[in-house]
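Residue numbers (our numbering): 0 to 249.
A virtual CB, placed ideally from N, CA and C, is assigned to each residue, including glycine.
First the structure, in the form of structure tokens, and then the observations on it.
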């Protein structure tokens with residue numbers, strides 16, 4: 000069985016690493032006469048900064064992509080369109096049995112659409128998650144991908160209910176748990192062994208807060224960003240905050 004995995008953003012690298020590791024372990028359990036899963040990894044280039052992409056493949060032991068499409072930044076429509084065109088070329092060449100997509104990015108939707116147009120089955124990891132805010136591009140991506148997908152891997156019972164409420168056949172939905180929880184369990188051991196981040200910033204275990212601010216709705220609004228920063232400053236009176244700067248925030 001040939002599987003094409005489409006990824007493009009940092010969270011997807013982490014999720015894909017977890018699934019790729021499971022595929023490898025599955026293949027090792029097979030006998031010589033059983034069919035293995037062959038995974039072809041496609042990186043759209045949605046996150047193209049070295050600190051947003053390359054370093055994740057190195058530190059997380061993710062197999063390097065078979066294809067790097069190098070799409071880069073653009074408006075939502077332009078970026079998705081370019082991805083759709085380039086992913087289609089890969090799928091025509093590879094002729095996979097299944098396309099696997101993760102989450103809710105433009106890479107997710109483009110991968111699902113490209114596969115559907117070629118009558119290739121689609122599997123969606125993290126299906127059924129909803130913010131119920133159609134102003135978020137991610138909400139559009141996840142809803143459309145769920146309605147395209149042939150197999151929907153839902154992380155929670157609430158996500159299963161969301162899919163049912165949208166009329167998606169229960170036969171397509173599988174409650175499998177949260178792949179990011181699996182990743183957290185696996186990488187926490189590695190972080191404990193390798194990271195010196197606490198010493199570097201003079202922090203005590205379980206006595207700090209990790210915060211991120213990266214969604215365009217927050218970073219591109221002066222009013223919202225100011226409110227977030229003011230809120231964080233209030234919290235720092237009680238406990239230190241570590242705030243890794245996303246390029247958009249910086």
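Bridge partner(s) assigned by DSSP for residue i
i, result
"residue 66", "41"
"residue 1", "37"
"residue 98", "3 and 121"
"residue 241", "209"
Sub-8 angstroms separation of residue i and residue j beta-carbons
i, j, result
"residue 129", "residue 161", "yes"
"residue 1", "residue 178", "no"
"residue 43", "residue 5", "yes"
"residue 243", "residue 211", "yes"
"residue 120", "residue 90", "no"
"residue 103", "residue 127", "no"
"residue 152", "residue 114", "no"
"residue 18", "residue 26", "no"
"residue 217", "residue 227", "yes"
"residue 87", "residue 68", "no"
"residue 111", "residue 148", "yes"
"residue 66", "residue 100", "no"
Identity of the residue in the options nearest residue i by Cα
i, options, result
"residue 248", "23, 189 and 224", "224"
"residue 76", "89, 127, 121 and 137", "137"
"residue 143", "107, 154, 169 and 242", "107"
"residue 125", "66, 240, 11 and 68", "11"
"residue 73", "81, 141 and 67", "81"
"residue 93", "39, 68 and 83", "39"
"residue 20", "33, 85, 185 and 222", "185"
"residue 188", "22, 59 and 41", "59"
"residue 131", "158, 149, 117 and 112", "158"
"residue 154", "69, 180, 135 and 61", "180"
"residue 95", "135, 24 and 3", "3"
"residue 204", "173, 221 and 241", "241"
"residue 83", "63, 45, 202 and 23", "45"
"residue 63", "34, 16, 33 and 156", "16"
"residue 8", "230, 231 and 213", "213"
"residue 61", "167, 182 and 194", "182"
First and last residue of the uninterrupted beta strand (DSSP E) at residue i
i, result
"residue 153", "150–153"
"residue 173", "172–174"
Segment limits, alpha helix (DSSP H) that includes residue i
i, result
"residue 144", "136–147"
"residue 301", "Residue 301 cannot be examined here, being either before or after the span of the chain that is shown, 0 to 249."
"residue 203", "No alpha helix (DSSP H) holds residue 203; DSSP gives it neither H nor E."
"residue 77", "75–93"
"residue 166", "Residue 166 -> no alpha helix (DSSP H), and no H or E assigned at all."
"residue 233", "221–234"
"residue 126", "Here residue 126 belongs to no alpha helix (DSSP H), and DSSP marks it neither H nor E."
"residue 193", "178–193"
"residue 106", "105–116"
Whole-Å CB distance - residue i paired with residue j, under 8 angstroms assumed
i, j, result
"residue 174", "residue 199", "Going by Cβ atoms, the distance from residue 174 to residue 199 rounds to 40 angstroms, so no, they are not a contact pair."
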